[in-house]
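Throughout the sequence shown, residue numbering follows our numbering, covering 1 to 340 in sequence.
Yeah, the Cβ is synthetic: ideal placement off N, Cα and C, and Gly gets one too.
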Amino acid sequence: MLKTKAKRNKTLDTSIEEGKKYLERCISVNTPIADIQSIVDKTILGDTFQVLPQLPAESMDLIIVDPPYNLTKNFNGSTFIKCKNIDYEAYTRRWLAALEPLLKPTGSIYVCCDWESSLIIGNVLGDFFKIRNRITWQREKGRGAKANWKNGLEDIWFATKSNDYTFNLEAVKIRKKVIAPYRVDGTPKDWTQTQNGNYRDTCPSNFWDDITIPFWSMPENTAHPTQKSEKLIAKIILASSNPNDVIFDPFLGSGTTSVVAKKLGRHYLGIEMDKQYCLWAEQRLERAQTDKSIQGYVNGLFWERNSLTEQHTQATYPSKTAEDKNMTIGNQGILNLVGK
Ligand SMILES: C[S@@+](CC[C@H](N)C(=O)[O-])C[C@H]1O[C@@H](n2cnc3c(N)ncnc32)[C@H](O)[C@@H]1O
């Protein structure tokens, strides 16, 4: 049955009956795969613990993991139940042990978690990979607690297999307005003057306060309960992979990792056990065929939150490359403005 929703509500909630054709695009993997290229750019419908041992060793350039956190959470009828720390640690070890052989020697892995799961994941991750950093991002959503501080953050652990890994700093700089423009001999020091204001492209830190959680009026939003934002995943993919690399997500959910990988010209592969979520992932991938836009990432640059006006009026400020322009701006209206 078709559900009615508010006009501006863009949430993708196509049912299994309505979206059969998307589900039919998913694959199952029951036998060993010799060559990763034979299954890239697909969504695998299945249990990650059964599929991972079938995938070829050292085939992934970047692995992004957003596992169920140690919270009681209903994923479309399959409930992950909060367990004792010792049991969550065993669960984490299980998927890490299965993932470790799949990462290339030059590869990177990022693991998302809330602060409580972070205490365990951060500890265990170091037994399998070299930990490089812990990113904390401000999560501006969620209910307030009655007798505690409201949770307003999440962590992402960044680790690599060796000391030889990709990190594209220039690709993840953040454009900020210059508050106190400093000059040397009359020339702007590390900032650029434009008709629309003064800007500086700054090095990103491990604290991200420019992320918006997908909500109902955003085109990327689905009815998945714990969907990550495309902007957040874009930062990871741009920093830690190169075009045509293979990006892998073993707990794919609504498909955010695959969608962003596709928009940014990478290959992707994801595993999800729920049919409904697989369907939404494939529907989003179809949309990404024509719409490469990523909210908050415009003209090859990440922007601070609430800077939409500046993003659209940057006609006089140089983009990084012509290629960036084409790749990241799906909205023709914005393209026209920036292209002038
Ligand atoms: C935290 S969510 C991932 C959300 C995702 N990052 C997104 O943007 O939509 C974790 C997902 O893992 C899936 N999942 C949990 N256990 C799984 C398993 N053993 N095999 C495959 N998928 C699993 C759940 O159904 C859920 O969709």
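Residue i versus the options, residue with shortest Cα-Cα distance
i: Asn30; options: Leu55, Ile237, Phe207 and Leu102; result: Leu55
i: Ile33; options: Gln195, Leu102, Asp127 and Cys113; result: Leu102
i: Glu170; options: Pro204, Glu140 and Ala180; result: Pro204
i: Trp149; options: Ile174, Val178, Ser162 and Trp115; result: Trp115
i: Arg93; options: Phe75, Gly126 and Lys82; result: Gly126
i: Tyr297; options: Gln289, Ser307 and Ile81; result: Ser307
i: Leu153; options: Gln193, Gln195, Ala145 and Trp208; result: Trp208
i: Asn123; options: Trp137, Phe158, Ala98 and Gly265; result: Phe158
i: Lys42; options: Thr290, Leu301 and Leu285; result: Leu285
i: Asp155; options: Lys228, Gly197 and Ser162; result: Lys228
i: Ser162; options: Ile39, Ile131, Lys141 and Val172; result: Ile131
i: Gly265; options: Lys292, Gly253 and Asn168; result: Lys292
i: Pro243; options: Asn151, Leu99, Leu232 and Thr166; result: Thr166
i: Gly270; options: Ile39, Thr14, Leu12 and Lys7; result: Ile39
i: Trp95; options: Ile174, Asn76 and Thr48; result: Thr48
i: Asn299; options: Thr160, Ser258 and Lys173; result: Lys173
i: Leu301; options: Lys82, Leu99, Ala180 and Asn168; result: Asn168
i: Leu252; options: Asp13, Ile36, Lys7 and Leu45; result: Leu45
i: Asn133; options: Ile16, Gly107, Asn206 and Ala180; result: Asn206
i: Ala288; options: Glu18, Glu272, Ser258 and Ile213; result: Ser258
i: Gln37; options: Ile16, Ser59, Lys20 and Lys21; result: Ser59
i: Ile16; options: Gly186, Asn76 and Ile213; result: Asn76
i: Trp303; options: Lys231, Pro219 and Ser117; result: Lys231
i: Asp13; options: Asn221, Thr187 and Glu272; result: Asn221
Separation of residue j from residue i, as counted between CA atoms
i: Thr226; j: Phe129; result: 26 Å
i: Leu119; j: Lys189; result: 41 Å
i: Lys295; j: Ile121; result: First, the residue type needs correcting, since residue 295 is Gln and not Lys in the sequence shown. Going from the Cα of Gln295 to the Cα of Ile121 covers about 29 Å.
i: Lys104; j: Asp61; result: 6 Å
i: Glu89; j: Asn70; result: 10 Å
i: Ile211; j: Asp201; result: 17 Å
i: Phe215; j: Thr256; result: 14 Å
i: Thr72; j: Lys84; result: 12 Å
i: Lys176; j: Ile86; result: 43 Å
i: Thr316; j: Trp191; result: With a pLDDT of only 43 at Thr316, under 50, the local geometry of the prediction cannot be trusted, and the value read off the model is given with reservation. Cα to Cα, the separation comes out at about 14 Å.
i: Arg139; j: Cys112; result: 12 Å
i: Ile135; j: Glu282; result: 29 Å
i: Lys5; j: His224; result: 16 Å
i: Arg193; j: Val184; result: The residue asked about is misnamed: residue 193 is Gln in this sequence, not Arg. Each residue's Cα considered, the two are about 14 Å apart.
i: His267; j: Lys10; result: 27 Å
i: Val51; j: Asn198; result: 51 Å
i: Gln195; j: Ala57; result: 52 Å
i: Lys146; j: Ser240; result: 39 Å
i: Ile329; j: Ile236; result: Because Ile329 carries a pLDDT of 31, less than 50, the predicted location of this residue cannot be relied on, and the following value inherits that uncertainty. Cα to Cα, the separation comes out at about 19 Å.
i: Ile233; j: Ala261; result: 9 Å
i: Ala98; j: Ile109; result: 13 Å
i: Tyr91; j: Pro53; result: 16 Å
i: Ser345; j: Glu18; result: Since the first and last residues shown for the chain are 1 and 340, residue 345 lies out of range.
i: Asn74; j: Phe80; result: 6 Å
i: Lys263; j: Asp164; result: 26 Å
i: Asn151; j: Ile179; result: 30 Å
i: Val338; j: Arg143; result: Interpretation of Val338 is limited by its pLDDT of 25, a score under 50 that renders its predicted location unreliable; the figure taken from the coordinates is listed afterwards. Looking at the two C-alpha atoms, the distance is approximately 38 Å.
i: Arg8; j: Leu238; result: 30 Å
Distance cut-off 7 Å: residue i Cβ against heavy atoms of ligand 1
i: Phe72; result: The sequence shown places Thr at residue 72, rather than the Phe named in the question. No - ligand 1 has no heavy atom lying nearer than 7 Å to the Cβ of Thr72.
i: Tyr277; result: yes
i: Asp274; result: yes
i: Phe66; result: According to the sequence shown, residue 66 is Asp rather than Phe. The answer is yes for Asp66.
i: Pro152; result: For the sequence presented, residue 152 should be read as Gly rather than Pro. Every heavy atom of ligand 1 is 7 Å or more from the Cβ of Gly152, so no.
i: Ile271; result: yes
i: Thr226; result: yes
i: Gly296; result: no
i: Asp47; result: yes
i: Thr256; result: yes
i: Gly19; result: no
i: Phe251; result: yes
i: Phe75; result: yes
i: Ser118; result: no
i: Ser241; result: no
i: Ser28; result: no
i: Ser78; result: yes
Residue i beta carbon near ligand 3 (any heavy atom closer than 7 Å)
i: Gly107; result: You won't find ligand 3 in this model; what it holds is ligand 1.
ask   = Using 8 Å as the threshold, is the segment 14-27 in touch with the segment 264-282, meaning 3 or more CB pairs across them?
value = yes
inquiry  = Quick test of the definition: if touching needs 3 or more C-beta pairs under 8 Å, does the segment 247-267 touch the segment 64-81?
reply    = yes
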